[in-house]
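*Asks:* Residue numbers (the working numbering): 1112 to 1677.
Glycine included, C-beta positions come from ideal geometry on N, C-alpha and C.
Note that the structure is a prediction, hence the values are computed from the model and not measured.
Sharing a structure below in structure tokens format, with a few things to ask.
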């Protein structure tokens, strides 16, 4: 019998290998930051720019801005890239202790001679490291390839994405779901500083060929791409599993209005996009500049909030290819005398409802501009809580991007101003320390792009309320929010968390603990397919042990019989 024990243990181990660590996710408990339960903080956000080591002064005063979060070295901590239209761009590496250090200039070209605007991180070649796309004005944009987290190399020429127009914002999304991220570049206009048409520079849609090169396929979209674009986002607004495109245009340049392209799949000289903004009620005509895509009412589809030189607009998605402007009853119009640029959605107090931040540059005819923070009350309306936001110092803010830079489960903001450069604001959790939260980092693999852009995460809490978020790359204005998704839980528990991958497959986890950061990687179907064979191997090993033991016992009995007969 003792001979059977090693075989049994080995077989049991083989049987259990597929399930060891097989929860399907990795979990990390949020670290406790200073002031976690302190009542000392009176404002929701605290300026940590100097303490964090962010010292980019932004020499240029042009209306060009770029701030992007990304994890350049795969250590889990969001790093920050900011642009300067007249000085060096800067990359700051997160040290994991609340501070940042400038990335050495010899490891990435600071583009000192470029008039840079927007920027966004994305792993375009699926090598596991996020690359960086930087937009410029009237100069070719630049694509930097991340060389294993050690340095960035300019690969623009080979890639073919050096779009030369007046770039504002870029967004990545896999529109044909081939596993490689495609690129949309929103171009405004060089008017009146150049001889090109004053109707607006043409946007660009680049298809990723999967070999490090891109093909310009802008012809798939039609005429709305020449409308003075400020920002576009890939977003599955109709919940059919493929990414659509929403574009915010500026009527100051061209009165075409915003564009909405429904993704209709293969065909049409390569791929079918149908421009439906007019019939959908989404062709709003305004001096649009910023965009936030968010399910603010938790009804399972994505709504659009965008800024303006005048009243802001919140388009509620009715779920049937129609939108309706609800900015007035929702209380987020901000007023006809305000000029705003970037905007983001975030659940700043983790109460399960997405709030809105608005970057304000001017108050007409004369006034001090203050950035606006709108608290979602969960009933379709918002409360203006700017007085307690922590953004009390007036300034002319252009851009904003969101990330939990200190990984404490409370989303922070970086803002870019005309005069002050870039400022980092830490979420102090003031007045809401009892609310639970989780963060979800989704990773691709196989047929899904490495950043899992386009993946959809649904979190259902104990009372049945569902929150939906999508992994996006490129948003707001000239910006890139972190691709880590954050869900507030209030005082409720997690009933289920479901990931829907871009290839349509889904994975559900039940009753996850709160106050943790989860990393969920795309299922490796080869491993799943191999599991029955692994189990069979374990059974075979155990059977071999049984047979060997029986034969050994039979042999010993035979020897004993022979000895007895002798």
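1) Report the residue from 1560, 1612 and 1515 whose alpha carbon sits nearest the alpha carbon of residue 1627.
2) For residue 1310, which of helix, strand or coil comes out of DSSP?
3) Specify, as a first and last residue, the run of the alpha helix (DSSP H) that residue 1440 falls within.
4) Among 1446, 1274, 1588 and 1537, which residue has its Cα nearest to the Cα of residue 1519?
5) Reducing DSSP to helix, strand and coil, say where residue 1649 ends up.
6) Residue 1388 and residue 1400: beta carbons closer than 8 Å?
7) Could you give the distance in angstroms between the alpha-carbon of residue 1610 and the alpha-carbon of residue 1617?
8) For the 8 Å Cβ check, are there 3 or more pairs between the stretch 1371-1384 and the stretch 1241-1260?
9) Measuring alpha carbon to alpha carbon, tell me which of 1358, 1289, 1421 and 1498 ends up nearest residue 1558.
10) Could you check how far apart the C-beta atoms of residue 1612 and residue 1629 are, in whole angstroms? I think they sit under 8 Å.
11) Tell me the rounded alpha-carbon separation between residue 1311 and residue 1379.
12) Ordered along the chain, which non-local residues of its own chain (more than five positions away) have a Cβ less than 8 Å from that of residue 1615?
13) Under 8 Å, do residue 1533 and residue 1167 count as touching if we go by C-beta distance?
14) Which first and last residues belong to the beta strand (DSSP E) in which residue 1344 is found?
15) Could you tell me the alpha carbon to alpha carbon distance between residue 1162 and residue 1496, rounded to whole angstroms?
16) Write down every uninterrupted run of the beta strand (DSSP E) in the stretch 1460-1509 whose length is 3 residues or greater and which is fully enclosed by it, in chain order.
17) Where do the ends of the beta strand (DSSP E) carrying residue 1453 lie?
18) Is residue 1605 closer than 8 Å to residue 1572 when the C-beta atoms are compared?
19) Is residue 1600 a contact residue of the ligand HEM, with contact defined as CB to any heavy atom under 7 Å?
20) Confirm, please, whether the CB-CB distance from residue 1482 to residue 1459 is below 8 Å.
21) Could you check what DSSP says for residue 1388 in three-state terms: helix, strand or coil?
22) Would you tell me roughly how many angstroms separate the C-alpha atoms of residue 1448 and residue 1477, rounded to the nearest one?
23) Per DSSP, which residues does residue 1553 bridge with? Please list them.
24) Taking the alpha-carbon positions, what's the residue 1210 to residue 1261 distance?
25) Do you know offhand how far residue 1317's Cα is from residue 1294's?
26) Tell me whether residue 1153 is buried or exposed, calling it buried when 16 or more other Cβ atoms sit within 10 Å of its Cβ.
27) Do residue 1412 and residue 1491 have their beta-carbon atoms positioned less than 8 Å apart in this structure?
28) Measuring straight from C-alpha to C-alpha, what distance separates residue 1284 and residue 1529?
29) Can the beta-carbon of residue 1453 be found closer than 8 Å to that of residue 1362?
30) In the stretch 1348-1401, which residue ranges form an unbroken alpha helix (DSSP H) of at least 4 residues, counting only runs that do not cross its ends?
31) Consult DSSP for residue 1268 and reduce its assignment to one of helix, strand or coil.
*Replies:* The short version:
1) Numbered from its first residue, the chain shown carries residue 1627 at position 516. When only C-alpha atoms are compared, the closest one is 1515.
2) Against the chain shown, residue 1310 aligns to sequence position 199. In this structure, residue 1310 counts as coil in the three-state DSSP scheme.
3) Locating residue 1440 in the chain shown gives position 329, where the first residue counts as 1. Its alpha helix (DSSP H) spans residues 1438-1441.
4) Counted from its first residue, the chain shown places residue 1519 at position 408. With distances taken between Cα atoms, residue 1519 lies closest to 1537.
5) On the chain shown, position 538 is the one that residue 1649 refers to. Only weak support is given to the placement of residue 1649: the predicted model assigns it a pLDDT of 47, under 50, and the value that follows is read from those uncertain coordinates. DSSP places residue 1649 in helix when its eight states are reduced to three.
6) The residue you call residue 1388 lines up with position 277 of the chain shown. The residue you call residue 1400 lines up with position 289 of the chain shown. Contact flag unset, no.
7) The residue given as residue 1610 occupies position 499 in the chain shown. The residue given as residue 1617 occupies position 506 in the chain shown. Their Cα atoms are separated by approximately 5 Å.
8) no
9) Position 447 of the chain shown, counting from 1, holds the residue named residue 1558. Of 1358, 1289, 1421 and 1498, the residue nearest in Cα terms is 1289.
10) Along the chain shown, one-based indexing puts residue 1612 at 501. Along the chain shown, one-based indexing puts residue 1629 at 518. That belief does not hold up - the Cβ atoms of residue 1612 and residue 1629 are roughly 15 Å apart, past 8 Å.
11) Within the chain shown, the letter at position 200 stands for residue 1311. Within the chain shown, the letter at position 268 stands for residue 1379. The alpha-carbon atoms of residue 1311 and residue 1379 are separated by roughly 26 Å.
12) As a first step, residue 1615 is located in the chain shown; it is residue number 504 there, counting from the start. These residues qualify, in order along the chain: 1352.
13) Position 422 of the chain shown, counting from 1, holds the residue named residue 1533. Position 56 of the chain shown, counting from 1, holds the residue named residue 1167. Their beta carbons are under 8 Å apart, which means residue 1533 touches residue 1167 by this criterion.
14) In the chain shown, counting from the first residue as 1, residue 1344 sits at position 233. From DSSP, the beta strand (DSSP E) with residue 1344 extends over 1340-1346.
15) As a position in the chain shown, residue 1162 is number 51, starting the count at 1. As a position in the chain shown, residue 1496 is number 385, starting the count at 1. Cα-Cα distance, rounded: 25 Å.
16) 1466-1474, 1483-1487 and 1493-1495
17) Locating residue 1453 in the chain shown gives position 342, counting from the first residue. Segment 1449-1457, the beta strand (DSSP E) holding residue 1453.
18) Position 461 of the chain shown holds residue 1572. Position 494 of the chain shown holds residue 1605. Yes; because the gap between Cβ atoms is below 8 Å, this pair is in contact.
19) This structure does not include the ligand HEM; it has no bound ligands of any sort.
20) Residue numbering aside, residue 1459 sits at position 348 when the chain shown is read from its first letter. Residue numbering aside, residue 1482 sits at position 371 when the chain shown is read from its first letter. Their beta carbons are not under 8 Å apart, which means residue 1459 does not touch residue 1482 by this criterion.
21) Taking the chain shown and counting its residues from 1, one reaches residue 1388 at position 277. The answer is helix: DSSP assigns residue 1388 an H, G or I state.
22) As a position in the chain shown, residue 1448 is number 337, starting the count at 1. As a position in the chain shown, residue 1477 is number 366, starting the count at 1. Taking the straight line joining both Cα atoms gives about 9 Å.
23) As a working note, residue 1553 is residue 442 in the chain shown. The partner list for residue 1553 (beta bridge, DSSP) reads 1631.
24) Here residue 1210 is taken as the residue at index 99 of the chain shown, counted from 1. Here residue 1261 is taken as the residue at index 150 of the chain shown, counted from 1. Between residue 1210 and residue 1261, the C-alpha separation is close to 20 Å.
25) Looking up residue 1317 in the chain shown gives position 206. Looking up residue 1294 in the chain shown gives position 183. Approximately 5 Å between the Cα atoms of the pair.
26) Working through the chain shown from its first residue, we reach residue 1153 at position 42. Looking at its Cβ environment, which holds fewer than 16 other Cβ atoms inside 10 Å, residue 1153 is exposed.
27) In the chain shown, counting from the first residue as 1, residue 1491 sits at position 380. In the chain shown, counting from the first residue as 1, residue 1412 sits at position 301. Judged by their CB atoms, residue 1491 and residue 1412 are not nearer to each other than the 8 Å cut-off.
28) Taking the first residue of the chain shown as position 1, residue 1284 is located at position 173. Taking the first residue of the chain shown as position 1, residue 1529 is located at position 418. Approximately 30 Å, taken between the alpha carbons.
29) Taking the chain shown and counting its residues from 1, the one referred to as residue 1453 is at position 342. Taking the chain shown and counting its residues from 1, the one referred to as residue 1362 is at position 251. Not a contact, by the Cβ cut-off of 8 Å.
30) 1388-1391
31) In the chain shown, the residue the question calls residue 1268 occupies position 157. Helix at residue 1268.
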